[in-house]
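These notes are about the structure you will find just below.
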Amino acid sequence: MGKMSAAVGSVATLAAEPGEDAFRKLFRFYRQSRPGTADLGAVIDFSAAHAARGPGPEAHKVVRSQLSLSSVSDHDAHRAGLQPVSKWQAYGLEGYPGPRYIVVYF
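First residue of the sequence shown: 4, per the numbering used here; consecutive thereafter.
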């Protein structure tokens, strides 16, 4: 019975409120999970480039991306409290040319 009520609770958590977007809905789901109990299997690890996880076409391969460093100077980054731009790392997903995840250490 405990597993069933937990599953029903998870589904209820994913119900969108009026005006709520998909990101906020998932954010609430992961935020409300108890520490150590959330299933993070669907979360993509951008900490380093690695081979695709899992079988099938839905598996994503994280790849390093080049950044155009001419847009932001090291001085601008320093003023914002960030590491020099030359130390920033960017990652993306193979087959998805648009979105990038940029790692910037404060």
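For every residue, glycine included, the Cβ atom is placed at its ideal position computed from N, Cα and C. The structure presented is a predicted model; accordingly, all values stated were derived computationally and were not measured.
### Query
Can you tell me the Cα-Cα spacing of V75 and I105, whole angstroms?
If you draw a straight line from the Cα of V75 to the Cα of I105, it comes to about 13 Å.
### Any chain B beta carbon closer than 8 Å to V66
In the structure shown, chain B does not exist; there is a single protein chain.
### Query
In its own chain, which residues sit with a C-beta less than 6 Å from the C-beta of R103, not counting the 5 before and 5 after it?
S68, A93 and G95
### Task
Give the straight-line distance between the Cα atoms of D42 and F49, rounded to the nearest whole angstrom.
As the crow flies, the alpha-carbon of D42 is around 17 Å from that of F49.
### Query
Which residues bound the beta strand (DSSP E) around L96?
Q92 to L96
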